[in-house]
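Trainee: The structure under discussion is supplied below as structure tokens; questions concerning it will follow.
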Amino acid sequence: MSENASADEIIICQDVCKWFGDFQALKNCTLRVQAQEVVVIIGPSGSGKSTFIRCINRLEEHQAGDIIVDGIPLTRDVRNIEQIRSETGMVFQQFNLFPHLTVLENITLAPIQVRKMKKDEAMDTAMGLLNRVGIPEQADKYPGQLSGGQQQRVAIARSLAMSPKIMLFDEPTSALDPEMIKEVLDVMQELAETGMTMLVVTHEMGFAREVADRIVFMDGGEIMEVGTPEHFFTNAQHERTKLFLSQIL
Amino acid sequence: MTTAAGTPTDRSVLPVTERYTLLGWLRRNLFSDLFNSLLTIVAVASIFIVARLILRWAFNTAEWGVIPANFNLIMRGQYPAIEAWRLWLVIYLLGTTVGLVWRLIVGQFNTTARILVAIPLVLMLIPFFSMGTRLYLMITAVASFAGYFIAGYLPIQHRGRAASYFVMAYLVVMLILLRGAGADDGPMPPVQPILWGGLLLSLLLAFFGITLSFPLGVLLALGRQSKLPAIRVMSVIYIEFIRGVPLISLLFMGQIMLQLFLPDGFPLVDRVLRALVAITLFSAAYTAENVRGGLQSIPRGQYEAAQAVGLSTYQSTIHIILPQALRAVIPVLVGQFISLFKDTTLVALVGIFDLLGIARTIIANPDWLGTQQEVFAVIAVLFWIFSYTMSFASRRLERRLGVGQR
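From first to last, the protein sequence lines are chains A and B. Residue 147 in the numbering used here sits at position 147 of the first sequence, and the numbers go up by one each step. Residue 1102 in the numbering used here sits at position 102 of the second sequence, and the numbers go up by one each step.
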């Protein structure tokens, strides 16, 4: 498997299958992501998009096929799982900030505990990241005191604090009020421009068209079509892709 | 929109609550219609009758002489009078430790701190106290001031950690002072725990019952959620067994059977210690179930976020899950601790002289026949004071931690 992987393929998924009970959520999903690539995954709800990216950092366990992240095969081995998780950031639909910690503590917790970083150093890094996502003045507040858009930007900063090589976004704007979506997408676009490898599940077609290097269309647990945004929005091949695009555009 | 609903421009009208006079308030809250007026009259009449009965008993009938005469017994049981200075030292050090910790954790001399310092000073007013006792109470207040004062000058970086070291050091010193050491004619002869009694013993049993059962209960709650079947099954069996057995039977088992489970030649475990073991094991099972409730209230997203940033199971339990779970169950846990405090009276039935046990010996004393009412009234008030203090402290703690707010 790994011998035919090219050097800069940072995520390799080969024939990944997953079942929830009798229901097959993923059917032989195969996808190779280059380093620094931005891949947007679209598809109707229930199509397995979220399940697919949650398999990549083992929030869900896949039952067949191979996943290799940055050369590390994702197996039952806890050390491999922890290594992959510390190289992979994830942003959730519901933010999932830690409500009992301040914004700054949310961001510094993992660097201090997992990377054994000095507290001062972690705080400096965290303030840098908060500047980057545009809310340094919220550092000492609790998540409950922030708007949804601000919380999601904190969540992005929290993931970046572990200096991940890959960022996974699971519908990062779906729980936000319309006027807050842009502030989060702007942060994501800025992140993409710095060369971060990103896998984004989203319904934001504008973002997909503008930022994605490739778009993946999933339906019924299968990857139906992969291509550049241009290809997708002008020349989609698959009937179901066309149907989906016609419904949402 | 009408004026009564309060349009934003109409600022001359006071808020609804402040617009009423006393008469208006009375009419609105107590005499708003015929039925409520009747209820008010009946309620006031009953309160008056009951209060008059109680006050008449308290001031005319009751023989309060039994309390000063047995005061030392109520406070410390059979603890030798000649060693009482050790108890006072324990109290002074308690004051100092509270002062130190207060400065380190709370940081300011606020209302609650003033109330705490006032307690020994108010106790000085109790009429039958000797001048010596009053002096010792005064020293207690001074000692707590001193602790607060000294803490301001200590070069301490990690305040929380320093505070917990002070508390632990205090507990060790306290136990050494209480228990004593060395020869029987030495400066601090041993006092067997079976001689500790009264309020002293009730508080010690409750305090150590709570502090020992709490970590055990948390571990059991986590064990019950464990992915490892052996740990989960053992936790479930333990919890369900203990919860199916009354505390009194555990206390009897502790007295009679504990020695059977220990290896041959194991020194005889003190009877008070046996009772403490039973109370701790009993309380741990209930703590576990309460904490489990808190654990179940943590959304799955919290576990996932902790995993996604790379925290290990242990790290996410310590830093993410437990802080939130415990915060959510503070009210339930304090309720449980209050009932544990009151449940310690059951040790009176296995021949240990806690507050209730002492009360029973006093009323059995031929000199004080017929004074049950007075003795039990005082015992009840003592229990109420400490239970209410716990409940009050827990409400303050909840407010400080913002339970139910974020």
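Glycine residues also receive a C-beta, built at the ideal position from the N, C-alpha and C atoms.
#1: Where DSSP assigns a beta bridge to residue 19 (chain A), which residues make up the other side?
#2: Can you give me the Cβ contacts of residue 1209 (chain B) inside the same chain, cut-off strictly under 6 Å, excluding the 5 residues immediately before and after it?
#3: Here's the rule I'm using: 16 or more other beta-carbon atoms within 10 Å means buried, otherwise exposed. How should residue 99 (chain A) be labelled?
#4: Please check if any C-beta of chain A sits within less than 7 Å of the C-beta of residue 1330 (chain B).
#5: Under three-state DSSP, which class holds residue 123 (chain A)?
#6: Using three-state DSSP, classify residue 114 (chain A) as helix, strand or coil.
#7: Would you mind working out which of A:136, A:181, A:218 and A:114 sits nearest residue 93 (chain A), comparing C-alpha positions?
#8: Do you know offhand how far residue 1129 (chain B)'s Cα is from residue 1120 (chain B)'s?
#9: Considering only C-alpha positions, which residue in the set B:1122, B:1148 and B:1311 is nearest to residue 1106 (chain B)?
#10: In the DSSP assignment, find the alpha helix (DSSP H) that holds residue 1287 (chain B) and state where it starts and stops.
#11: For residue 1140 (chain B), which of helix, strand or coil comes out of DSSP?
#12: Taking residue 1227 (chain B) as the reference, give the member of B:1356, B:1313 and B:1194 with the closest Cα.
#13: Given a cut-off of 7 Å, decide if residue 161 (chain A) and residue 129 (chain A) are closer than it, judged by their beta-carbon atoms.
#14: With a threshold of 16 other CB atoms inside 10 Å of the CB of residue 210 (chain A), please say whether the residue is buried or exposed.
#15: Can you list the residues of chain A that residue 1215 (chain B) reaches, using a CB-CB cut of under 9 Å?
#16: Taking any Cβ of chain A, which residues in the region 1309-1338 of chain B have a Cβ under 8 Å from it, in chain order?
#17: Is DSSP giving residue 1031 (chain B) helix, strand or coil here?
#18: Considering only residues of the same chain and omitting the five flanking positions on each side of residue 1328 (chain B), which have a CB-CB separation below 6 Å?
#19: So residue 224 (chain A) packs on residue 240 (chain A), CB below 8 Å; how close in whole Å?
#20: Within 7 Å of any Cβ in chain B, is that where the Cβ of residue 98 (chain A) sits?
#21: Do you know how far the Cα of residue 1333 (chain B) is from the Cα of residue 54 (chain A)?
#22: Among A:248, A:234, A:236 and A:221, which residue has its Cα nearest to the Cα of residue 48 (chain A)?
#23: Is residue 147 (chain A) close to chain B, meaning its C-beta is less than 7 Å from at least one C-beta of that chain?
#24: Return helix, strand or coil for residue 226 (chain A), following the three-state DSSP convention.
#25: Quick one: list the residues of chain B neighbouring residue 110 (chain A), beta-carbon separation under 7 Å, in chain order.
#26: Should residue 1344 (chain B) and residue 1213 (chain B) be called a contact, given that it needs their Cβ atoms to be closer than 7 Å?
#27: Just verifying my parser: in three-state terms, what is the DSSP assignment at residue 233 (chain A)?
#28: Exposed or buried, which one is residue 1166 (chain B) when buried takes at least 16 other CB atoms within 10 Å?
#29: Which of the residues in the region 38-72 of chain A, read from start to end, lie with their CB under 7 Å from any CB of chain B?
#30: With a threshold of 7 Å on Cβ separation, who are the neighbours of residue 1005 (chain B) within its own chain once the five nearest residues in sequence on each side are excluded?
#31: Would you kindly work out how many angstroms separate the C-alpha atoms of residue 1383 (chain B) and residue 1342 (chain B), rounded to a whole number?
#32: Using the C-alpha atoms, what's the distance from residue 1144 (chain B) back to residue 1153 (chain B)?
#33: Smallest Cα separation from residue 1350 (chain B): which of B:1236, B:1199 and B:1275?
#34: Can you list, in chain order, the residues of the region 1292-1306 of chain B whose Cβ is nearer than 7 Å to any Cβ on chain A?
#35: Does the CB of residue 123 (chain A) have a neighbour CB from chain B at under 7 Å?
#36: Anything in chain B within Cβ reach of residue 113 (chain A), meaning under 7 Å, just list it in chain order.
Mentor: Reading from the atomic positions:
#1: A:24
#2: 1279, 1280, 1283 and 1340
#3: buried
#4: no
#5: helix
#6: coil
#7: A:181
#8: 12 Å
#9: B:1148
#10: 1271-1296
#11: helix
#12: B:1313
#13: yes
#14: exposed
#15: Simply none; closest approach about 20 Å.
#16: 1309, 1310, 1311, 1312, 1315, 1319, 1320, 1323, 1324 and 1327
#17: coil
#18: 1294 and 1297
#19: 6 Å
#20: yes
#21: 37 Å
#22: A:221
#23: no
#24: strand
#25: 1309, 1310 and 1311
#26: no
#27: helix
#28: buried
#29: 57 and 59
#30: The pLDDT assigned to residue 1005 (chain B) is 46, lower than 50, so where the model puts this residue is not dependable, and the model offers no usable value.
#31: 7 Å
#32: 15 Å
#33: B:1275
#34: 1301, 1302, 1304 and 1305
#35: no
#36: 1311, 1315 and 1319
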